[in-house]
Amino acid sequence: MRKNFRSKSINDTFIKEGNCSAVVVGASLSGLMTGIALSRAGLKVTILERAGAKPRSGAVLQVDSGEIDRTKTAKFLRKLASGGYRSAEAWSSIQFRLRTEVEADSRIDLRYDTRVQTVNQDDNSAWVVTDKGETFHGDILIGADGHRSIVRRYVSPHKPNATFAGYLIWVAIVVEKDIPEKHRPSLNAPKFTMPDGIGDFLLGSIIAGADGSTALGDRRLGWAWYDNTQNDLLRRLGCVEGDVVQHLLHASDIPEQTLIELAEKASDRWAQPWLDAILHSIQTRNLIGTPICRVRS
Ligand SMILES: Cc1cc2nc3c(=O)[nH]c(=O)nc-3n(C[C@H](O)[C@H](O)[C@H](O)COP(=O)(O)OP(=O)(O)OC[C@H]3O[C@@H](n4cnc5c(N)ncnc54)[C@H](O)[C@@H]3O)c2cc1C
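So for the sequence shown, the UniProt record's numbering puts the first residue at 1; every next one is plus one.
Printed below as a string of structure tokens:
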């Protein structure tokens, strides 16, 4: 959403003088990155996040392939998110680096525990109203609020939600020490692998330990198993309603029988170290099912 730029002449000089402001809804990876990019362009930025400041956990992301970055800001963000490592990275490490950058930026005001309830705009500005009754105005308003975006509901009321893509990804991170030593990968094992299963596939990545150590035994194994056989379960548990994703399939909600079947399937499909990593995640209920959705306009 953006205000009618013809009503005031907004140009590079106007922005650089700090006259322009933006409100970003959502402080996950997209919201944090967008906030940093807008601040670098000279805007005053307010980022509003409904969750608290407590660090959140995830699995892993690949953020190192910067060949298509054309602008200085894109290169800066890529380096910031990846930490300069050319490997997959823990989601939580990426979020931590972005948050640290945002919190050190005096042009960005990041507010946690702030749920946006309504959005609106007129010719002069766009604004949001939060659950605390506060109103935040901006020359532009960015929706980085995920798959059931309140901003998208406003700008695209005919198609407000992303559509369930028909599969989920099981994700987890396992500390290398938690699998038998004989199955731990060697120091020169590929950091990223993508084996095919039986109508499904796995992404496996070896990442540094939480303290940054890459020594044998200290590293972590991140795995993501693409699975299109759980759609009935997702609907039964309310994770998906109609074609709209409602929420993740949290470890505590995964039925025992599903875990048993997953362990059997894993044994039929995956080689070490991924098999042991997956079995450990199943035994300790340290995995999340992420129903995947895609946005169509
Ligand atoms: C905790 C977490 C862990 C994840 N782990 C992985 C992973 O390991 N691997 C992977 O590939 N992908 C992971 N994902 C998904 C991945 O982060 C996203 O694909 C990527 O971050 C881009 O999504 P996004 O920033 O657009 O939206 P999302 O990550 O979905 O974030 C949307 C943000 O908006 C906030 N929000 C929503 N509604 C409102 C509102 N009304 N007011 C204020 N704030 C609002 C949410 O709390 C959330 O922080 C994870 C997502 C989360 C939230």
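Just so it is clear, CB atoms sit at the ideal spot from N, CA and C, and this is done for glycine as well.
1) What is the rounded straight-line gap between the Cα of residue 39 and the Cα of residue 73?
2) CB-CB under 7 Å to residue 279, same chain, minus the five flanking residues each way: which ones, in chain order?
3) Should residue 59 be listed as close to ligand 1, given that the test is whether its C-beta is under 6 Å from any heavy atom?
4) When DSSP labels each residue in this structure, what does residue 246 get in the three-state scheme?
5) Tell me whether the beta-carbon of residue 25 lies closer than 7 Å to the beta-carbon of residue 151.
6) Identify whether residue 226 lies in helix, strand or coil by the three-state DSSP scheme.
7) Could you tell me whether any non-hydrogen atom of ligand 2 is closer than 6 Å to the CB of residue 49?
8) Considering only residues of the same chain and omitting the five flanking positions on each side of residue 27, which have a CB-CB separation below 7 Å?
9) Helix, strand or coil for residue 150, going by three-state DSSP, please let me know.
10) Grouping DSSP H, G and I as helix and E and B as strand, with all else coil, what is residue 231?
11) Which of helix, strand or coil does DSSP assign to residue 176?
12) List in chain order: all unbroken beta strand (DSSP E) runs of 3+ residues lying wholly within the UniProt domain "FAD-binding" (98 to 158).
13) For residue 272, does the three-state DSSP call read helix, strand or coil?
14) Given this structure, state the Cα-to-Cα distance separating residue 165 from residue 61, to the nearest angstrom.
Reading it off the structure:
1) 10 Å
2) 263, 266
3) yes
4) coil
5) yes
6) strand
7) The model on display carries ligand 1 but not ligand 2.
8) 47, 49, 110
9) helix
10) helix
11) helix
12) 108 to 111, 116 to 121, 126 to 130, 135 to 138, 140 to 143
13) DSSP places residue 272 in coil when its eight states are reduced to three.
14) 19 Å
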